[in-house]
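Everything below concerns the one structure shown next.
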Amino acid sequence: MLRALRTAALGMNAQQTNVDNIAHNLANANTTGFKNARVVFQDLLYQTVQTPGQEEAEGLTPPASLQLGSGVAVVATVRQFTQGSLVETGNALDLAINGDGFFQIRRPDGTIVYTRDGTFTLNADGTFVTQTGLPLEPELSVPPDTIEIHISQDGVVSVRLQGETESVEIGRLELARFPNPAGLRAIGGNLYEQTEASGFPILGAPGEEGFGTVKQGFLEAANVDVVQEMVNLITAQRAYEINSKMVTTTEEMLQTASQMKR
């Protein structure tokens with residue numbers, strides 16, 4: 001019965017982690033470019049009391065084993081990089097990736113991080129930056145007398161200057177994709193950094209083979225399915241209650257055993 005207490009406690013702890021993850025998904029339902037994550041469970045070590053096929057004293061061979069499990073543990077949170085819906089904003093500096101790929105962002109220490117959040121703006125120097133001031137990589141700078149910015153689906157950035165009728169190209173966007181995007185490490189601020197599990201980034205222009213296209217004037221919404229997350233929440237809550245009931249039941253059984261008289 002003590003095993004049952006430990007197993008139920010592990011089950012409650014695992015479901016609490018599951019609820020924490022669901023709460024994080026729901027909290028970011030309106031976060032641009034956010035990708036939801038799901039919890040992965042794994043059963044723990046088993047005690048093998050009887051091995052299948054092991055001949056007993058009577059000469060009989062049991063066809064099945066006798067194993068007692070030790071409970072459950074959370075082993076990973078797997079991020080789902082499915083496409084979010086594209087929301088039109090009309091802002092020329094808002095960009096959405098329709099397909100695979102990440103924008104590259106340069107941090108102050110020179111390292112590169114990655115994002116699906118295309119909410120860009122211009123700083124005082126006319127450089128494309130995130131809402132926290134981190135510049136886009138490769139760097140794109142707009143002349144001060146620019147009156148119109150156009151970004152094609154294949155990432156070509158053109159501007160029309162004051163007093164001019166024709167646009168001129170000033171640069172091109174470059175995207176990165178990974179062999180295993182689920183291996184990226186989320187560091188907050190809608191940013192991800194490369195890990196050994198993600199593999200090295202593969203760079204290319206929007207629209208090239210394997211890369212998505214860029215939509216100007218759009219943003220990618222979070223891929224959180226609120227209804228599904230609520231269903232997951234109810235399931236986790238019921239599982240927590242069942243494990244809690246197991247603790248209560250085991251305690252009652254121990255109490256009954258301790259009150260037995262010869």
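In terms of full-length UniProt numbering, the sequence shown opens at residue 1 and continues consecutively. Ideal Cβ positions, reconstructed from N, Cα and C, are used throughout, including at glycine.
Checklist entry - Since Ile22 and Ala236 are thought to touch, with beta carbons under 8 Å apart, how far apart are those beta carbons, to the nearest angstrom? => result On the sequence shown, residue 22 is found 22 positions in, with the first residue counted as 1. On the sequence shown, residue 236 is found 236 positions in, with the first residue counted as 1. That pair is a contact at about 7 Å.
Item to check | Beta-ladder partner(s) of Ile202, from DSSP | outcome: As a first step, residue 202 must be located in the sequence shown, where it is residue number 202. DSSP, once it has assigned bridges, lists Arg177 as partnering Ile202.
Next on the checklist: Between which residues of its own chain and Leu136 is the CB-CB distance below 6 Å, once the five residues before and five after are set aside?
Outcome noted: For the purposes of this step, residue 136 is taken as the residue at position 136 of the sequence shown. Correct list, in chain order: Phe128.
Item to check | DSSP bridge partner residues for Asn91 (one or two, in chain order) | outcome: Taking the first residue of the sequence shown as 1, we reach residue 91 at position 91. According to DSSP, which records beta bridges pairwise, Asn91 is partnered with nothing at all.
Checklist entry - Can you tell me whether DSSP reads Thr43 as helix, strand or coil? => result Residue numbering aside, residue 43 sits at position 43 when the sequence shown is read from its first letter. Before going on, a small fix: residue 43 reads as Asp here, not Thr. Strand, per DSSP.
Next on the checklist: For Gln228, tell me which candidate among Asn30, Asp43, Asn36 and Arg106 has the shortest Cα-Cα distance.
Outcome noted: For the purposes of this step, residue 228 is taken as the residue at position 228 of the sequence shown. The shortest Cα separation from Gln228 among Asn30, Asp43, Asn36 and Arg106 belongs to Asn36.
Checklist entry - So Ala197 is in the alpha helix (DSSP H); what residue range does that whole segment cover? => result In the sequence shown, residue 197 corresponds to position 197, counting from 1. From DSSP, Ala197 is part of no alpha helix (DSSP H); its letter is neither H nor E.
Item to check | Length of the line joining the Cα atoms of Asn13 and Ala29 | outcome: The count along the sequence shown starts at 1 and reaches residue 13 at position 13. The count along the sequence shown starts at 1 and reaches residue 29 at position 29. Their Cα atoms are separated by approximately 25 Å.
Next on the checklist: DSSP three-state label for Ala73, please.
Outcome noted: As a position in the sequence shown, residue 73 is number 73, starting the count at 1. The answer is strand: DSSP assigns Ala73 an E or B state.
Checklist entry - Which first and last residues belong to the beta strand (DSSP E) in which Thr115 is found? => result As a working mapping, residue 115 is identified with position 115 in the sequence shown. Under the DSSP assignment, Thr115 falls in the beta strand (DSSP E) whose first and last residues are Ile112 to Thr115.
Next on the checklist: Once DSSP output is grouped into helix, strand and coil, what is the label at Gln15?
Outcome noted: Here residue 15 is taken as the residue at index 15 of the sequence shown, counted from 1. The answer is helix: DSSP assigns Gln15 an H, G or I state.
Item to check | Residues of its chain near Asp125, where Cβ-Cβ distance is below 7 Å and the 5 sequence neighbours each way are ignored | outcome: Position 125 of the sequence shown holds residue 125. Closer than 7 Å at Cβ, skipping near neighbours: Ser141.
Item to check | Whether Val40 touches Val78 by CB criterion (8 Å) | outcome: Here residue 40 is taken as the residue at index 40 of the sequence shown, counted from 1. Here residue 78 is taken as the residue at index 78 of the sequence shown, counted from 1. Their beta carbons are under 8 Å apart, which means Val40 touches Val78 by this criterion.
Next on the checklist: Contact between the region 78 to 92 and the region 219 to 234 is defined here as three or more beta-carbon pairs at a separation below 8 Å; is this criterion met?
Outcome noted: Contact check between the region 78 to 92 and the region 219 to 234: three or more CB pairs, one atom from each, fall below 8 Å, which counts as touching.
Next on the checklist: Using a Cβ-Cβ cutoff of less than 7 Å, which residues in the same chain neighbour residue 311 once the five nearest sequence positions on both sides are dropped?
Outcome noted: Residue 311 lies beyond the stretch modelled for the chain, which goes from 1 to 262, so this question has no answer here.
Checklist entry - Closest to Glu148 by CA distance: which of Gly99, Leu134 and Val168 is it? => result Here residue 148 is taken as the residue at index 148 of the sequence shown, counted from 1. Nearest C-alpha to Glu148: Val168.
Next on the checklist: Measuring straight from C-alpha to C-alpha, what distance separates Glu174 and Gln104?
Outcome noted: Within the sequence shown, residue 174 is the residue found at index 174, counting from 1. Within the sequence shown, residue 104 is the residue found at index 104, counting from 1. Approximately 8 Å, taken between the alpha carbons.
Item to check | Per-residue DSSP class, three states only, for Thr127 | outcome: Here residue 127 refers to the residue found at position 127 of the sequence shown. In this structure, Thr127 counts as strand in the three-state DSSP scheme.
Checklist entry - How would you call Gly69, buried or exposed, if buried means at least 16 neighbouring beta carbons within 10 angstroms? => result By 1-based counting over the sequence shown, the position of residue 69 is 69. Counting Cβ neighbours within 10 Å, Gly69 comes out exposed, since fewer than 16 surround it.
Checklist entry - Can you round the beta-carbon distance between Gly207 and Gln153 to whole angstroms, since I take them to be within the 8 Å contact cut? => result Mapped onto the sequence shown, residue 207 falls at position 207. Mapped onto the sequence shown, residue 153 falls at position 153. Confirmed, Cβ separation roughly 6 Å.
Checklist entry - Leu95: which of Asp109, Val157 and Met246 sits nearest, CA to CA? => result In the sequence shown, the residue the question calls residue 95 occupies position 95. Nearest of Asp109, Val157 and Met246 to Leu95, Cα basis: Val157.
Checklist entry - Helix or strand or just coil, what does DSSP make of Lys215? => result The residue labelled residue 215 in the question sits at position 215 within the sequence shown. Strand at Lys215.
Item to check | For Gln67: DSSP bridge partner residues | outcome: As a working mapping, residue 67 is identified with position 67 in the sequence shown. Its beta-bridge partners are Thr48.
Checklist entry - Which residues share a DSSP beta bridge with Glu148? => result To locate residue 148, count along the sequence shown from 1; it is residue 148. Looking at the DSSP assignment, Glu148 forms a beta bridge with Arg160.
Next on the checklist: Just to check my reading of the structure: Gly99 and Phe211 have Cβ atoms closer than 8 Å, yes? What is that Cβ distance to the nearest angstrom?
Outcome noted: As a first step, residue 99 must be located in the sequence shown, where it is residue number 99. As a first step, residue 211 must be located in the sequence shown, where it is residue number 211. About 7 Å separates the beta carbon of Gly99 from that of Phe211, a gap short enough to meet the 8 Å contact definition.
Checklist entry - For the alpha helix (DSSP H) that contains Val168, what are its first and last residues? => result Translated into the one-based positions of the sequence shown, residue 168 becomes position 168. Careful: Val168 lies outside any alpha helix (DSSP H), inside the beta strand (DSSP E) at Val168 to Arg172.
Checklist entry - Helix or strand or just coil, what does DSSP make of Ala96? => result As a working note, residue 96 is residue 96 in the sequence shown. DSSP, read as helix, strand or coil, puts Ala96 in strand.
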